[in-house]
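Notes to accompany the following structure.
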Amino acid sequence: MYQEINLDYKLNELSPYLMEDSLKEHYQIYQENVKKLNELLKSINYDYSYSLRDLVDHIDIFPLTIRGEILYYLSSVLNHNLYFYNMSNKKNNIPSQTIGKDITKYFGSFEEFKRQFINHAMNLKGSGYTFLVKDEKGDLKIINTSNEDSPYYYKMIPIISLDVWEHAYFLQYKNNRLAYIENFFEVIDFDKINTYYEKV
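Counted the way the working numbering counts, the sequence shown spans residues 8 to 207.
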């Protein structure tokens with residue numbers, strides 16, 4: 008069975024940027040989606056022979072009648088895995104190492120990257136995610152996806168995932184999406200992101 012990631016921070020340790028009640032509710036939604044994915048896969052006797060990432064590329068092994076639903080929960084789990092992984096309470100919120108150099112290479116500076124990322128997230132219509140991705144050429148780009156679509160569908164590798172569904176911020180921030188997005192950059196952990204980035 009697929010499992011949710013183990014957090015290396017407690018749910019009360021990202022406050023005041025993400026308060027415990029808000030983060031707890033969001034994490035429970037994520038856990039429920041992991042559970043729903045496993046239930047769907049069990050219903051067709053799936054043998055868990057692929058990783059979550061590889062399952063995206065082999066989605067055609069499933070019957071069409073259930074494929075869309077599996078894909079929805081699969082991408083939700085992948086998107087949330089990266090979102091929760093991207094954060095910590097360690098104040099590593101300035102990029103350095105390889106990720107820092109490449110952000111400067113592709114965006115000119117971290118501040119310009121941050122400005123563009125925030126603008127993308129503010130301009131996303133409805134529910135979805137804002138991602139920093141590596142495209143097929145290996146270049147870094149910022150993209151939005153709708154609902155639970157994954158960059159993997161478009162042959163892109165997600166590096167940073169920001170959940171911009173209302174369930175990620177409404178309990179704490181109400182309609183103030185901008186404050187939520189800006190405060191995400193207070194809890195982002197570029198040391199962890201760099202470790203992941205150097206592997207993909």
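From the three backbone atoms N, C-alpha and C, an ideal C-beta is built for every residue, glycine too.
Query: With 16 as the cutoff for other CB atoms within 10 Å, does residue 103 come out buried or exposed?; Result: exposed
Query: Can you name, in chain order, every residue of its own chain whose Cβ lies under 7 Å from the Cβ of residue 45, other than the five neighbours on each side?; Result: 8, 9
Query: Taking residue 50 as the reference, give the member of 150, 95, 15, 76 with the closest Cα.; Result: 76
Query: Near residue 163, which residues of its chain fall below 6 Å by C-beta distance, leaving aside the five closest residues on each side in sequence?; Result: 140, 142
Query: Less than 6 Å between C-beta atoms, sequence neighbours within five positions excluded: which residues of the same chain meet that for residue 165?; Result: 89, 138, 140, 158
Query: Under the assumption that residue 85 contacts residue 122 (Cβ atoms under 8 Å), give the Cβ distance between them as a whole number of angstroms.; Result: About 27 Å; that fails the 8 Å criterion.
Query: Taking contact to mean 3 or more Cβ pairs, one atom from each stretch, closer than 8 Å, check whether the region 26-34 and the region 171-186 are in contact.; Result: yes
Query: Residue ranges of each alpha helix (DSSP H) run of no fewer than 4 residues wholly in the region 37-98, ordered along the chain?; Result: 59-64, 71-92
Query: Starting from residue 148, trace the alpha helix (DSSP H) in both directions and tell me its first and last residue.; Result: It is not in any alpha helix (DSSP H) - residue 148 instead sits in the beta strand (DSSP E) that spans 147-153.
Query: Quick check on residue 193 - is its C-beta less than 7 Å from some C-beta in chain C?; Result: This model lacks chain C altogether; it includes just one protein chain.
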